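Q: Sharing a structure below in structure tokens format, with a few things to ask.
Residue numbers (the numbering used here): 3 to 203.
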């Protein structure tokens, strides 16, 4: 009985050994052939979902390396709403030398919509260009976020500009009224001087 058990164990070991070796070879091959790629995710969003005309809002762009290799020469090329009057405080283009796996960078800037004729404005996609260790180029884009602009009914009026124009018109009207009066007064004064001169003669 004891010898039979030993022989059975040896037989099972010889049968299982090839499968164990084959499984180990596959595991080692997988580890050797693992591909290292930098994968960047780009997120762009405004601080507020709705703003008034002329109101400033912060825009944030987050770039994160979710891959397993370092990204090199990371370049951000952001855009702004086209066909509208937009003021931008900050930089739309940024560069980083490298971004290791798991790391992220956050870039912010401010914009204000000075004029618009639609309620919903798209802020545009943020474009990111980067390279891997073998100088292979990668390009990735963010989503195209939108923002709701509160537009008052009727035409957007710049009251400061109107007030300046009104002040200018008032000044012109005053000059138009005063100048003729000065001319008339001068003529009356000359006539009076002539009459006084004649009486003295």
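Ideal Cβ placement from N, Cα and C applies to all residues, glycine included.
Quantities reported herein were computed from a predicted structural model and do not represent experimental measurements.
1. Determine whether the beta carbon atoms of residue 76 and residue 132 lie at a separation below 8 Å.
2. Give me the Cα-Cα distance between residue 29 and residue 68, rounded to the nearest whole angstrom.
3. Between residue 48 and residue 59, how many whole angstroms is the CB-CB distance? I'm expecting something under 8 Å.
4. If you measure between the beta carbons of residue 71 and residue 103, is that distance less than 8 Å?
5. Is the Cβ-Cβ distance between residue 90 and residue 111 less than 8 Å?
6. With a threshold of 7 Å on Cβ separation, who are the neighbours of residue 189 within its own chain once the five nearest residues in sequence on each side are excluded?
7. Where DSSP assigns a beta bridge to residue 198, which residues make up the other side?
8. Identify whether residue 141 lies in helix, strand or coil by the three-state DSSP scheme.
9. Which full runs of the beta strand (DSSP E) of 3+ residues lie inside the region 83 to 126, going along the chain?
10. How about residue 125 and residue 147: are their beta carbons less than 8 Å apart?
11. With respect to the beta strand (DSSP E) encompassing residue 65, which residues constitute its N-terminal and C-terminal limits?
12. Quickly, what does DSSP pair residue 147 with across the bridge? List them, please.
13. List the endpoints of the continuous beta strand (DSSP E) containing residue 47.
14. Buried or exposed, going by whether 16 or more other CB atoms sit within 10 Å of the CB of residue 144?
15. Distance check for residue 184 and residue 191, CA to CA, integer angstroms please.
16. Who pairs with residue 73 in a beta bridge, going by DSSP?
A: If we stick to the structure as given:
1. Here residue 76 corresponds to residue number 74 of the chain shown, with the count starting at 1. Here residue 132 corresponds to residue number 130 of the chain shown, with the count starting at 1. Their beta carbons are under 8 Å apart, which means residue 76 touches residue 132 by this criterion.
2. As a position in the chain shown, residue 29 is number 27, starting the count at 1. As a position in the chain shown, residue 68 is number 66, starting the count at 1. Bear in mind that the predicted position of residue 29 carries a pLDDT of just 48, short of 50, making it too unreliable to give a figure here.
3. Sequence index remark: in the chain shown, residue 48 carries index 46 (1-based). Sequence index remark: in the chain shown, residue 59 carries index 57 (1-based). Yes, residue 48 and residue 59 are in contact; Cβ-Cβ is about 5 Å, under 8 Å.
4. Here residue 71 refers to the residue found at position 69 of the chain shown. Here residue 103 refers to the residue found at position 101 of the chain shown. Contact: yes.
5. Against the chain shown, residue 90 aligns to sequence position 88. Against the chain shown, residue 111 aligns to sequence position 109. Yes, they are a contact pair.
6. Walking along the chain shown from the start, residue 189 turns up at place 187. Non-local beta-carbon contacts of residue 189 in its own chain, meaning distances under 7 Å to residues more than five positions away in sequence, are absent.
7. As a position in the chain shown, residue 198 is number 196, starting the count at 1. BP columns for residue 198 are empty, so no partner.
8. As a first step, residue 141 must be located in the chain shown, where it is residue number 139. The three-state secondary structure of residue 141, taken from DSSP, is strand.
9. 87 to 91, 95 to 101, 106 to 117, 122 to 124
10. Stepping through the chain shown from its first residue, residue 125 is reached at position 123. Stepping through the chain shown from its first residue, residue 147 is reached at position 145. Yes. Within cutoff.
11. Stepping through the chain shown from its first residue, residue 65 is reached at position 63. It spans 58 to 67 - the beta strand (DSSP E) in which residue 65 sits, taken as one unbroken run.
12. Here residue 147 refers to the residue found at position 145 when the chain shown is read from its first residue. DSSP, once it has assigned bridges, lists no residue as partnering residue 147.
13. Numbered from 1 along the chain shown, position 45 holds the residue referred to as residue 47. That run of the beta strand (DSSP E) goes 42 to 48.
14. Walking along the chain shown from the start, residue 144 turns up at place 142. By the neighbour-count rule (16 or more Cβ atoms within 10 Å), residue 144 is buried.
15. Taking the chain shown and counting its residues from 1, the one referred to as residue 191 is at position 189. Taking the chain shown and counting its residues from 1, the one referred to as residue 184 is at position 182. Cα-Cα distance, rounded: 10 Å.
16. Stepping through the chain shown from its first residue, residue 73 is reached at position 71. 101, per the DSSP bridge assignment.
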